[in-house]
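Working notes for the structure below.
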Amino acid sequence: MSMNKPQDFGTPASEASQLVTLEIDGFKVTVPAGTSIMRAAASIGIDIPKLCATDSIEPFGSCRLCVVQIEGGRGMPASCTTPAAEGLKVVTQNQKLADVRRGVMELYISDHPLDCLTCSANGDCELQDMAGAVGLREVRYNPVETHLHAAKDESNPYFSFDPSKCIVCSRCVRACEETQGTFALTIDGRGFDSKVSPGQNQPFMDSECVSCGACVQACPTATLMEKSVIDHGQPEHSIVTTCAYCGVGCSFRAEMKGEQVIRMVPNKDGHANHGHSCVKGRFAFGYATHKDRITKPMIRASIKDAWQEVSWEEAINHAASELKRIQTKYGKDAIGGITSSRCTNEEVFIMQKLIRAGFGNNNVDTCARVCHSPTGYGLKQTFGESSGTQNFDSVMHADVILIIGANPTDGHPVFASQMKKRLRQGAKLIIVDPRQIDLVKSAHIQADYHLKLRPSTNVALINALAHVIVTENLLDDAFVNERCDVASFQKWKTFIAQDIHSPEASEAITGVPAAELRAAALLYATANNAAIYYGLGVTEHSQGSTMVIGIANLAMATGNLGRDGVGVNPLRGQNNVQGSCDMGSFPHEFPGYRHVSDPSTHQLFEHAWKTELSAEPGLRIPNMFDAAMDSSFMGLYCEGEDIAQSDPDIQHVHAALRKMECVIVQDIFLNETAKFAHVFLPGASFLEKNGTFTNAERRISPVRKVMSPLAGYQDWEVTQMLSNAMGYPMNYSHPSEIMAEIASLTPAFAGVSYEKIDELGSVQWPCYDEESTGTPIMHEQAFMRDNGKGLFMLTEFVATTEKVNGKFPLILTTGRILSQYNVGAQTRRTENNVWHAEDRLEIHPHDAEDRGLKTDDWVGIKSRAGETVLRALISERVQPGVVYTTFHFPESGANVITTDNSDWATNCPEYKVTAVQVMKVSQPSEWQNNYQAFSEDQLELLAQSAGND
Amino acid sequence: MKIERLIKMANDIGQFFNAESDKDIAAEGVRNHIERSWDPRMRRELILYGQQDGAALIDIVKVAVSRLDPV
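These protein sequence lines are chains A and B, in that order.
Using this note's numbering, the first residue of the first sequence is number 9, and each one after it goes up by one.
Using this note's numbering, the first residue of the second sequence is number 434, and each one after it goes up by one.
Structure below.
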């Protein structure tokens, strides 16, 4: 094993199709026009010395180390900023060039500490490398003034900024601008006083820095250095794997020292992230070895009992015998399982296999139930496939970007950076969101329209957009006639043209001025390429599926499908939402979204799995809770999901969990659900297992074991042991065998294998055969429906039953923040808490004034479902009448307030709309007091187990 | 399971399909959706409610429930 560091070509690749041939040091080389001489040289193994150039950012030409000579040309141009041209003859090494370079290096080194042996970068420093490359042997200068005593900035928890080592190459500044798009860094001062400055000469933590790590990655010295490297030294080998946070699915090189992760470095060859990262993936991996990890199996008879540590064999046998006992007592359908988008594809596949074949029912569901299940339904109905249509890179061809109910800079930060790059190039932006997200206005970004609608009125808004397009004759008739079901289109056209859908009529519902909406519709419909990106602000509504269908209708009507730069793009919340759904973790569908009653599919799986399978849909997650309350669902196997924190109307969830006779939790921590459990099976973090994740663009990427599982087993092995104990044999020896089975049973995965993933780095499904390298853009020739035609569906606006009134006059909506992830089980156990240590309630100044509130006041938030208490944050980001909170901390009890209202088609909860009252209080809510006591008791019962060890 | 909850879920489905002007097609949409996505115990209780009373169901849902296969 080695570090396998990718080559740095110095400048980005040119995408030109025209080729030019030149000669460098006597060697001919042919490259795309626009390629720098530096890159052309690097491509044939000639490394021109460089410091301010790196291939992730545009060339700058400041360090003068990369100078070359060109036959017939004047002077010594910088090879990084000089494009290759036909017939050029370039010399990269001669005495004159060597003298210049040595002189440049001498100046740099005269103001640089000579502490190489004790420097954290030792062995990984481009300045050190260049000193060697130019043959620097002495420094003649003895400067009176230097920067050698400049003070370090240690404010960021993950990296250190040591200006004494800075060579002011601006790579960090340019990375912050070009790669991340935050513009938090600048070069302050001139000449000798020039220095890298976060914000207005502030410490990093006080600046706009979002801690993405792009500057650290770009730094050629130890000026910006990971604290983990400073503490532990340089890594000695690396393994490529995939991030376990959001649905972007960034590729990383886990840089290791033995079995210790020293740092996670974004993989330049990663097709989803192209070498970029965010604060979570880049730095927040410490949870994997946190002291809270539980590494021994445990059982107990009742949740009032102390946990008892037992052997794996005993835990598995106990779990199996309990599940069998419950089936004997309550019936075959009285047990089931919940998988998670935090699980790998292979884990989800064998989990649903265990439930369908081993439990003998279809009571399997996944956390996509509470996030993107409406996407699965809506896109399957209209396009024929439950997935987004594009790859991420497609955004670079979009002329108009329409973001609905998503906050990419917080939820999908790496993709947001790519999107911002396109916006800086001139793409137009329409945002549909009740709240002012960062993209509405941030550095060099300004939305052309922000349609600030009232929560719960999405469908009225999308209908109004479509109404304008239909009545203003902005349809793409050719696309509709050729690619869509024309009869359904005609019916939809008549429906949507009705006056009740006009912007003027819908203004009273949505609160969006008709003229603004008309202008936005015009902008979307007249773009060459218009792309829609959406998130949970679309799906987590009582009409979530209707809205997804409305989005699909809009894209079809304007012909914005089937090519680069367009499409319908659900931004998936967690890393493997797409994959967990693909793998058959919905109770009505086998892998590949095929209904359990479909005769040929049913037969296929019965034959492959050699057992009888149920053809009836099973229980969805909320149905499981309801069934538990009437004693028809009494045993649950829950892997990687924390339903006791993440699901709505949490008091109902807790009551259901208390009612069950056996709750088995497989997780890396004693999460909130585990506090209601009877069996705890310790899980493995993403660093401890092999498998694959599928991101929001259908990209199947490798997850690779970089350290041994702390509890001894990878999660798929645990599920396999349980299956065998239940009497349904499984004998996989590696997850690649599970993927082979997936491929054999699922047409869209037929050409997927570990060999292909390793060879290509990742594969986007559909991948129908061995020759296929995957499908970046879907529906290019035909839709995936049986007749190949896109289906228009009617989308009547139906007001939610969750209405404001005198008692509950405000609407609460929820979301996430950049530094924390979902229920926070991972990120709360990292230094990310310095950015967000508690959930706050954002409230508009008018509503705050009415209630006599100021920032930091404790406020009670009461809904029809329950009450909790948070601290207030007065903010104009929310509109009057709307309040907002995140849900990353269990003690916040955000889901004590949310109700059991859900999407009509999928039961996805209506998290985004809860009528509430807010008032100043002085103490936590009764629920919070009770839950704190319960939680403390449970931790004590856990401690007793540890004490027994 | 609480019948009130099942009625609400069924009526929510009905309100989506109600946009269809041909109410026979609309009812068929509701039936098909419930048949393909509801666990048998949920369908059983809804069928029973439809047979015994059904008053709280909107019209097309009543028709749809009457068409559900016995469980």
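Here a beta-carbon is modelled for each residue, glycine too, at the ideal position from N, C-alpha and C.
- A direct Cα-Cα distance of roughly 7 Å separates Ser51 of chain A from Phe17 of chain A.
- Excluding residues up to 5 positions away in sequence, Gly345, Ile672 lie with their Cβ nearer than 6 Å to the Cβ of Tyr645 of chain A in the same chain.
- Residue burial annotation: Leu947 of chain A is exposed, with fewer than 16 other C-beta atoms found within 10 angstroms of its C-beta.
- Rounded to the nearest whole angstrom, the CA to CA distance from Ser744 of chain A to Arg707 of chain A is 17 Å.
- With contacts defined as CB atoms closer than 7 Å, Ala376 of chain A and Ser64 of chain A fail to qualify as a contacting pair.
- The three-state reading of DSSP puts Ser761 of chain A in coil, since its state is none of H, G, I, E or B.
- The count of Cβ pairs closer than 8 Å, one atom from the region 289 to 298 of chain A and one from the region 312 to 326 of chain A, stays below three, leaving the stretches out of contact.
- Looking from the CA of Phe291 of chain A, the closest CA among A:His279, A:His282, A:Cys251, A:Ala328 belongs to A:Cys251.
- Check the Cα spacing between Val831 of chain A and each of A:His475, A:Ser70, A:Met632, A:Phe897: the tightest is with A:Phe897.
- Note that the C-beta distance between Gln208 of chain A and Gly131 of chain A is not below 7 Å.
- Ser731 of chain A is classed as buried because its beta carbon has at least 16 other beta carbons within 10 Å across all chains shown.
- Annotated three-state conformation of Asp161 of chain A is strand, per DSSP.
- Around Gly221 of chain A, the same chain offers Ser285, Arg290 as residues with beta carbons nearer than 6 Å, after the five sequence neighbours per side are excluded.
- Looking at the backbone, the Cα of Phe805 of chain A and that of Asn938 of chain A are separated by about 40 Å.
- Leu156 of chain A and Ser163 of chain A have their alpha carbons spaced roughly 20 Å apart.
- For the set A:Ile270, A:Ser215, A:Leu232, A:Cys258, the Cα lying nearest the Cα of Asp239 of chain A is the one of A:Ile270.
- Nearest C-alpha to Ala495 of chain A among A:Gly798, A:Leu193, A:Glu918: A:Gly798.
- In the three-state reduction of the DSSP assignment, Pro206 of chain A falls in the strand class.
- Listed in chain order, the non-local C-beta contacts of Phe677 of chain A below 7 Å within the same chain comprise Asp300, Arg301, Ile302, Ala833, local neighbours out to five positions each way being set aside.
- Thr821 of chain A counts as buried, since no fewer than 16 other beta carbons sit within 10 angstroms of its beta carbon.
- In the structure shown, Val496 of chain B falls within a helical segment according to DSSP collapsed to helix, strand and coil.
- Spatial neighbours of Val408 of chain A in its own chain (CB-CB distance under 8 Å, excluding positions within 5 residues in sequence) are listed in chain order as Ala435, Lys436, Leu437, Ile438, Leu531, Tyr532, Ala535, Asn537, Ala538, Ala539.
- Between Gln485 of chain B and chain A, the shortest Cβ-Cβ separation is not below 7 Å.
- Only those residues of the region 458 to 483 of chain A whose C-beta falls short of 8 Å from the nearest C-beta of chain B would be listed, and there are none.
- Within 9 Å of the CB of Ile491 of chain B, no CB atom of chain A is found; the nearest one sits about 11 Å away.
- Comparing C-alpha distances from His686 of chain A to each of A:Arg308, A:Pro463, A:Val204 shows the shortest one belongs to A:Arg308.
- Going by DSSP, Cys646 of chain A is part of the beta strand (DSSP E) stretching over 643 to 647.
- Within the region 449 to 463 of chain B, the residues whose Cβ lies closer than 8 Å to any Cβ of chain A are, in chain order, Phe449, Asn451, Ala452, Glu453.
- Under the criterion of beta carbons closer than 8 Å, Cys670 of chain A and Ile324 of chain A do not qualify as touching, at roughly 13 Å.
- Counting only unbroken stretches of 3 or more residues, the beta strand (DSSP E) elements lying wholly within the region 535 to 560 of chain A are 538 to 542, in sequence order.
- One alpha carbon belongs to Ser205 of chain A, the other to Ser450 of chain A, and they sit about 19 Å apart.
- Arg179 of chain A counts as buried, since no fewer than 16 other beta carbons sit within 10 angstroms of its beta carbon.
- Within the same chain, Cβ atoms closer than 6 Å to the Cβ of Ile117 of chain A are found at Val147, the five residues on either side in sequence being excluded.
- Scanning the region 35 to 73 of chain A for uninterrupted beta strand (DSSP E) segments of 3 residues or longer gives 35 to 40, listed from N- to C-terminal end.
- Just measuring C-alpha positions, the residue of A:Arg430, A:Ile557, A:Phe423, A:Val273 sitting nearest Asn12 of chain A is A:Val273.
- With distances taken between CA atoms, Glu490 of chain A lies nearest to A:Gly567 out of A:Glu515, A:Glu850, A:Val842, A:Gly567.
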